[in-house]
Each structure stands twice: as C-alpha cells, then as structure tokens.
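No gaps in the numbering here: position 180 of the sequence shown is 180 in our numbering, and each next residue is one more.
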Amino acid sequence: MSNGHAHGQGDGDAHASTNSDAGSDALPLLSPSIIGVEPLDEFIREVADFIHYHISQRPQDTGGVIEVEAKIGLLKERAGGQRLQLPVLVESIIAPNMMDLRFESNMSARQHQHFNILLNKLKLEKPEMNINYEHLHLIDNFYAPESGRGEKLRVTRDEKTGEVRACMRKIRLGNLDIFCPKRSVDWRISVNMEIPVPPPLGSPTHSRKKDRLSYTHQEFAIDLTQVTATSGPNSKPEILHELEVELRHSDYLLMTAAKRGLPEYSVAEQNAFDELVHAFVNNARILCRNANPATAGDGR
C-alpha cells in the first residue's frame with residue numbers, strides 16, 4: 001500500500017540494493033534502532049497515561065464501575081460550528097482545555113449502514129475471530145438529581161420487556177480528543193464512572209430510544225446505535241447515529257492498571273495495561289479509517 005509519497009529517481013528517498021548486485025533477492029534483517037530496541041510509541045503512551053491517571057484519581061468507595069470508551073464523530077469549533085482545522089498532517093492528540101471545542105458524536109445514516117454491513121461481514125467471514133453479536137432495543141430515561149446539581153440520573157430499560165438494565169449516575173472524569181486530518185471523522189476517549197443509584201422518583205426530563213447493534217471481541221465492545229432523542233412531549237425527535245468502542249471488563253482494566261510498571265510483577269504483567277490500551281487505540285483507528293464508505297478498505 002502506498003504511503004502517499006512518490007519514490008522516483010532523484011527524490012532522495014531511493015536506496016540502492018546491494019543484494020541485487022550479488023544476485024540475491026534476500027533483504028537485510030534490520031535492527032529496530034541503533035540500540036536494538038524500538039522506541040516507545042508516544043501516542044500510545046500518552047493515551048495510556050491519560051487513562052491511567054484518571055483511573056488512579058477516581059473517587060473511592062462509591063461502588064462505581066469505570067467506563068473507558070472511544071466515540072467516533074467530529075471535533076467542531078464552538079464559535080462557528082465548523083470542523084476543526086489544524087496545521088498537522090496526521091492524527092494528533094489535542095491538549096485538554098486548550099481550545100474551545102465540542103465533540104459531535106454522530107455520523108450520517110449512510111455511514112451507519114456502511115458500518116453495519118462491515119461488522120456483519122466481519123462476523124460471518126471470520127469465525128476464527130470469535131465475534132459475538134447482540135441486537136438491543138433500549139430506552140434511557142433521564143431524571144434531575146435530588147440535589148438539583150450534578151449529573152442526571154439515568155434509568156435504562158429493555159424496550160420489549162420493560163426490564164431495568166441499569167439505574168445509575170455517571171461521573172465524567174476526563175476526555176481526550178484526537179483530530180484526524182486525513183479522515184472524515186475524529187474521535188474522543190472518555191473516562192467515566194457509572195455509580196448505581198436507587199430508582200428515582202418523579203417524571204423524566206428527557207428520554208433516548210436506542211436501537212443498538214453490539215459486537216464483542218476479546219476485551220472490547222463495538223456499539224453501533226441509532227438514537228432517537230426527545231427533550232419533551234411536544235418536541236420533535238432528533239435522530240443520531242453513534243459508533244463507539246468500549247473496554248468491556250472494568251475489573252481487568254483496574255487489575256492491569258494497578259500492576260503497571262511495578263518491578264515486583266513479571267514484565268508481561270507490568271506491560272499488560274499498555275498492551276490493552278494499544279489494542280483499544282487500534283480498534284478506534286480501524287473504525288476511523290473505515291468511516292468513508294467510498295474508500296473503506298482494511299483500515300491500514
């Protein structure tokens with residue numbers, strides 16, 4: 001696959017092959033660097049540090065569950081509403097709180113359909129990947145907190161059975177925005193805590209109907225959701241199309257985070273957290289790179 005740069009005679013990038021002079025097609029085995037090791041990937045390290053920091057600084061004794069997710073959407077300037085533009089050529093992490101931005105977690109209906117086809121095809125054609133699938137119909141009802149301040153309470157029910165799937169309050173710990181100038185979408189990593197609460201009293205302030213296709217693979221869940229949101233009985237419903245990848249197992253995330261870099265553990269245990277984050281980032285990148293139905297391929 002081409003990397004977008006031409007390599008012709010006289011461009012300064014061509015390398016003479018000593019092997020061809022010797023009549024051999026073998027390529028030299030290259031060391032990853034002059035010291036024999038590959039430098040740490042600063043992007044992965046920054047994301048891992050961000051998630052690890054917010055995990056370690058989370059409120060204690062709340063009975064809450066850590067949620068780490070990457071949402072696909074667009075970074076937009078608050079003032080004009082246009083997509084962010086920066087003088088960078090490749091995917092870049094935005095320093096938190098340095099720009100007046102909002103993240104729009106939405107995509108077109110065409111992109112939504114494209115991802116549905118793509119993920120279904122992946123499940124059917126690659127059984128060795130052991131991808132599981134679930135189609136959910138959920139309703140979120142939101143209630144004002146009793147104190148009148150803080151995050152709203154959310155009650156999630158199965159639309160068909162009425163069964164309560166969750167009753168919780170979400171505490172937002174931190175967001176990290178990633179701008180992708182070569183792609184039609186950007187992405188945002190969010191670290192939250194979901195704290196169980198008793199069923200609230202009164203009437204909901206607004207609701208969201210979710211038609212969700214959930215694909216699970218190893219430690220990750222990819223959720224493709226059509227959301228119908230209403231802010232009141234007489235308001236016009238708003239339809240959104242959301243895509244996110246989430247870490248499935250909070251306990252495993254916390255266990256690997258607690259052992260990160262500590263010498264009393266094996267090298268594999270010390271590195272497990274960063275390896276988990278690396279795979280998480282890879283999944284988000286694959287989704288971003290396949291967001292354009294006209295050019296989607298293998299995501300490289």
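Glycine is no exception: its CB is placed at the ideal position from the N, C-alpha and C atoms.
All values derive from a computational prediction rather than experimental measurement.
Annotated three-state conformation of P127 is helix, per DSSP. In this structure the stretch 185-199 lies against the stretch 56-72, because at least three pairs of beta carbons, one per stretch, are closer than 8 Å.
Between K71 and the set L254, P59, M107 and R260, the nearest pair of CA atoms involves M107. Using a Cβ distance threshold of 8 Å, G73 and R260 do not count as a contacting pair.
The criterion of a C-beta distance shorter than 8 Å is not satisfied by A221 and I55. Take R248, set aside five residues on each side of it, and the residues of its chain with a beta-carbon closer than 7 Å to its own are T216, E219, F220 and A221, in chain order. Annotated as distal: T230 and D211, with beta-carbon spacing of 8 Å or more. For the pair H112 and H241, the CB atoms are nearer than the 8 Å cut-off. Taking a C-beta distance under 8 Å as the contact criterion, D251 and I44 do not qualify as a contact pair. Here the C-alpha atom of P127 lies approximately 12 Å from the C-alpha atom of L119. N283 counts as buried, since no fewer than 16 other beta carbons sit within 10 angstroms of its beta carbon. The Cβ atoms of D223 and S214 lie closer than 8 Å to each other. Judged by their CB atoms, V68 and I51 are nearer to each other than the 8 Å cut-off. Apart from the 5 residues on each side of it in sequence, E38 sits with its Cβ closer than 8 Å to the Cβ of P32 in its chain, given in chain order.
If you look at H241, you'll find it in the beta strand (DSSP E) that goes E238 to L247.
Excluding residues up to 5 positions away in sequence, V155 and C167 lie with their Cβ nearer than 7 Å to the Cβ of P199 in the same chain. Cβ-Cβ separation between A291 and S147: approximately 40 Å, too far for a contact (criterion under 8 Å).
Straight-line spacing of the CA atoms in Y133 and L27 works out to 43 Å.
Membership of R188 in any alpha helix (DSSP H) is not indicated; the residue belongs instead to the beta strand (DSSP E) covering D186 to P196.
Sequence-distant partners of C288 (beyond 5 residues in either direction) whose C-beta falls short of 7 Å from its own C-beta, in its chain, are I72, C180, R183, V185 and W187.
Per DSSP, the beta-bridge partners of A229 are R208 and E238. Boundaries for V277: no beta strand (DSSP E) harbours it, while the alpha helix (DSSP H) harbouring it runs V267 to R289, taken from the DSSP string. Around the beta-carbon of V277, 16 or more other beta-carbon atoms lie within 10 Å, marking it buried. DSSP places K170 within a strand segment (E or B) once states are collapsed to three. Between K76 and E104, the gap from beta carbon to beta carbon is short of 8 Å. If you look at A257, you'll find it in the alpha helix (DSSP H) that goes S250 to K259. For P59 and R172, the gap between their C-alpha atoms comes out near 11 Å. The three-state secondary structure of N106, taken from DSSP, is coil. DSSP places A79 in no beta strand (DSSP E); its state is neither H nor E. The bridge partners DSSP lists for H217 are F220. Beta-bridge partners of I139 (DSSP): R157 and K209.
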